């Protein structure tokens, strides 16, 4: 089982499942933060994006997973763009 670095929790999810959950979480946090425009919420959203990127970087790519990982990367790039626009 994988240990989640920043919380010390143990997860039974594989890397692909963790990545999918992290990206969905980042999307929700970015959406909420950009609506609130609260500096703390924006910071938490940025942290969520970075957490998802960390999981993506350690995810082992196989031929089957490459398309999925590419899609998740694109979703994170959209999150980053949205967050960047909100900070301006």
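Residue numbers (UniProt numbering): 1 to 88. C-beta atoms are modelled at their ideal positions from N, C-alpha and C, and glycine is treated no differently. Every value quoted in this text rests on a predicted model; they were computed, and no experiment measured them.
{"Asked": "Check residue 13 in the structure and name its three-state DSSP category.", "Found": "coil"}
{"Asked": "In this structure, how does DSSP classify residue 84 when only helix, strand and coil are distinguished?", "Found": "helix"}
{"Asked": "Classify residue 43: buried if its beta carbon has 16 or more other beta carbons within 10 angstroms, exposed otherwise.", "Found": "exposed"}
{"Asked": "Go ahead and pull the three-state DSSP assignment for residue 76.", "Found": "helix"}
{"Asked": "What separation, rounded to the nearest whole angstrom, lies between the Cα atoms of residue 26 and residue 67?", "Found": "20 angstroms"}
{"Asked": "Contact defined as beta carbons within less than 8 angstroms: I believe residue 49 pairs with residue 79. What is the distance between those atoms, to the nearest angstrom?", "Found": "5 angstroms"}
{"Asked": "Of the choices 15, 18, 30, whose alpha-carbon is the least far from that of residue 46?", "Found": "30"}
{"Asked": "Quick check: the Cα distance between residue 41 and residue 84, rounded to an integer number of angstroms?", "Found": "13 angstroms"}
{"Asked": "Give me, in chain order, the residues of the same chain whose beta-carbon lies closer than 8 angstroms to that of residue 21; leave out the 5 immediate sequence neighbours on both sides.", "Found": "13"}
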